[in-house]
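Working notes for the structure below.
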Amino acid sequence: MKIKRNMDERPSELLKNGVGENLPKLRRVSTRQKILHKKKVEYSRSFAIHGLSRVFHGTRIEKFFWLLNLVLSFGISAFLIRGQVKSYFNKDIYIEERRISTPTPEFPTVTLCTGDPIKYQYCKKDAAKFLRLFPGIRDPCKHKLDITQNGITTNYPPGDLKFDIPTFKIKCGVNCHFFKDIYAWRGISNYTNCVQFNGNRLELSTDRIGFRMSLAKNIKQRDFHMYIHSSEDTPYILNHGSFEVSSLQNTNLRIKTIKTKRLEDPFPSKCVSVDEGKRLNIFPGRYSIQACSESLKCIKTFKLCGDTFDFCRRYIPEDIRLKYQNKNVSIQLTHMCLTKHIKHNLIGQCRQPCDQLKYDVQISPRPHWKKTHGYAGPAALFVEEFDLTFVLTEPGSFLQREEKEMFSWTDLLGLVGGTIGLFCGFSFLSFLELIIYLAIKIIVKRDVEEEQETESNKDDDSLIL
């Protein structure tokens, strides 16, 4: 072989140059080079991996069969992997639901209001309907809200323990435990007349609490609102999420607690964290889409009109108030300006909170008994009593819905590898072997070209001699 001749000539040339003492070492180098060259040639010719070698070395039928098989396998794998990779880069998510136990029942906060449900008022006038008001008088309304601190009146003996404010009378129902629950009621300072149960998050050890109450006769049914919410939220200020409960019938309210956890950017929800929510919400309580939308609307109207609606005026940040407040505009112009911006829906500019607590409420009416209540004297100003019963449907637990990333990068690698292995029969070692084969093929081709060039040069030298 030409290779053997070339390897044998190098030691002889070195002997002529007086380096005979290195002959054993040179022979070992020559032998190692021969072995490596032989192995490279053998491996490049005997490569076999899942039919790929059949494509190069098989018969015509074998080549066609294995080529078609490999093309279909790679095609199916590529189609499936494309969807997985796309899902990874789109940051797709899924919702995981699980039930989490709590040591004690967690009762929500209940707020009852008997105020005017119209939210967008300016100086106690409906801005949506008002188009004319004292055109010749400037600023006739005073921006001072009627804020009254509702008081609690408790009477003894305990059998008549009750909570009294001008529009409510609330007594313990059949499940008041040592009358502790009645003290969970409190009046709240607001421009509407509201009372609140469990605003301080008491540790109530029962899953069912009932109260007997009556409303003043001058309260219209449409003005009676109920809000079931977290103690940290103030939906009664936004007049959002109220329930319709009739004072003409007894009512059971079955409450289920649901907590939702969402993922921040770059995931599709792009939810608002607690710190970011504090900047976007001017109202007391936690961030919500409704609070964000109303905050944007109130700030925008204040900047454009020099004033804003009654319900949110006192929550305007001080720096915006000092910069944009205009006291020299008539109330008519302010009303007209506010009316233009009531219909602007800014809710699309708000995102969901990362942590959200909500209550799913199912309202069930019960038969109402016609009876005379036990109040005397001033009680004649109140309608017949009705019962409100709050029931936790799943006490000692809550439903948690949590967004999860569909694929992490490790999941993606596993799915890609599994898909290729399933449809093509390849593994990581197969790809490694393929890479080594291609590298050796290139090396052998280069060695052959070098040998051919060397032989050509020697033939030219022999012709010259």
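Position 83 of the sequence shown, counting from 1, maps to 83 under the UniProt record's numbering, and the rest follow consecutively. From the three backbone atoms N, C-alpha and C, an ideal C-beta is built for every residue, glycine too.
Thinking C-beta only, is residue j closer than 7 Å to residue i?
{"i": "residue 119", "j": "residue 302", "result": "no"}
{"i": "residue 308", "j": "residue 292", "result": "no"}
{"i": "residue 288", "j": "residue 354", "result": "no"}
{"i": "residue 55", "j": "residue 67", "result": "yes"}
{"i": "residue 98", "j": "residue 356", "result": "no"}
{"i": "residue 283", "j": "residue 237", "result": "yes"}
{"i": "residue 398", "j": "residue 95", "result": "no"}
{"i": "residue 389", "j": "residue 210", "result": "yes"}
{"i": "residue 325", "j": "residue 306", "result": "yes"}
{"i": "residue 266", "j": "residue 63", "result": "no"}
Nearest to residue i by CA position, among the options, is which residue?
{"i": "residue 75", "options": "448, 168, 444 and 419", "result": "419"}
{"i": "residue 323", "options": "341, 342, 300 and 332", "result": "300"}
{"i": "residue 218", "options": "319, 114 and 225", "result": "114"}
{"i": "residue 79", "options": "445, 415, 432 and 449", "result": "415"}
{"i": "residue 257", "options": "225, 320 and 359", "result": "359"}
{"i": "residue 112", "options": "410, 193 and 63", "result": "193"}
{"i": "residue 105", "options": "432, 391, 410 and 434", "result": "391"}
{"i": "residue 334", "options": "123, 421, 65 and 93", "result": "123"}
{"i": "residue 225", "options": "195, 337, 208 and 421", "result": "195"}
{"i": "residue 421", "options": "264, 409, 346 and 81", "result": "81"}
{"i": "residue 85", "options": "410, 65 and 435", "result": "410"}
{"i": "residue 340", "options": "304, 362 and 318", "result": "304"}
Where does residue i land, buried or exposed, given buried means 16+ other C-beta within 10 angstroms?
{"i": "residue 452", "result": "exposed"}
{"i": "residue 385", "result": "buried"}
{"i": "residue 294", "result": "buried"}
{"i": "residue 214", "result": "buried"}
{"i": "residue 234", "result": "buried"}
{"i": "residue 277", "result": "buried"}
{"i": "residue 316", "result": "buried"}
In whole angstroms, what is the alpha-carbon distance linking residue i and residue j?
{"i": "residue 185", "j": "residue 367", "result": "25 Å"}
{"i": "residue 107", "j": "residue 200", "result": "11 Å"}
{"i": "residue 161", "j": "residue 197", "result": "Low local confidence applies: a pLDDT of 48 at residue 161 is under 50, so the model's placement there is unreliable, with the coordinate-based value given in what follows. Taking the straight line joining both Cα atoms gives about 15 Å."}
{"i": "residue 246", "j": "residue 351", "result": "34 Å"}
{"i": "residue 330", "j": "residue 254", "result": "49 Å"}
{"i": "residue 440", "j": "residue 35", "result": "14 Å"}
{"i": "residue 248", "j": "residue 223", "result": "14 Å"}
{"i": "residue 406", "j": "residue 87", "result": "8 Å"}
{"i": "residue 404", "j": "residue 387", "result": "43 Å"}
{"i": "residue 231", "j": "residue 188", "result": "12 Å"}
{"i": "residue 314", "j": "residue 216", "result": "29 Å"}
{"i": "residue 338", "j": "residue 220", "result": "28 Å"}
{"i": "residue 432", "j": "residue 450", "result": "27 Å"}
{"i": "residue 259", "j": "residue 279", "result": "23 Å"}
{"i": "residue 243", "j": "residue 320", "result": "34 Å"}
{"i": "residue 275", "j": "residue 264", "result": "13 Å"}
{"i": "residue 412", "j": "residue 438", "result": "27 Å"}
{"i": "residue 346", "j": "residue 208", "result": "39 Å"}
{"i": "residue 285", "j": "residue 361", "result": "21 Å"}
{"i": "residue 445", "j": "residue 60", "result": "25 Å"}
{"i": "residue 89", "j": "residue 65", "result": "36 Å"}
{"i": "residue 77", "j": "residue 434", "result": "18 Å"}
{"i": "residue 83", "j": "residue 318", "result": "51 Å"}
{"i": "residue 408", "j": "residue 227", "result": "40 Å"}
Cutting at 7 Å between CB atoms, please list the residues of its own chain near residue i, excluding the five before and the five after it.
{"i": "residue 240", "result": "290"}
{"i": "residue 102", "result": "396, 397 and 398"}
{"i": "residue 262", "result": "269, 271, 352, 354 and 403"}
Between which residues of its own chain and residue i is the CB-CB distance below 8 Å, once the five residues before and five after are set aside?
{"i": "residue 281", "result": "287, 288, 291, 292 and 295"}
{"i": "residue 93", "result": "263, 267, 268, 269, 403, 404, 405 and 406"}
Leaving out five residues on either side along the sequence, give the residues of the same chain with a beta carbon under 6 Å from the beta carbon of residue i.
{"i": "residue 229", "result": "109 and 235"}
{"i": "residue 364", "result": "252"}
{"i": "residue 132", "result": "Residue placement at residue 132 is flagged as unreliable, the pLDDT there being 46, under the threshold of 50; a coordinate-derived value is accordingly withheld."}
{"i": "residue 250", "result": "366, 368, 386 and 387"}
{"i": "residue 417", "result": "none"}
{"i": "residue 336", "result": "none"}
{"i": "residue 436", "result": "none"}
Report whether the distance from the Cβ of residue i to the nearest heavy atom of the ligand HEM is below 6 Å.
{"i": "residue 400", "result": "Ligands displayed in this structure: none; no statement on the ligand HEM is therefore possible."}
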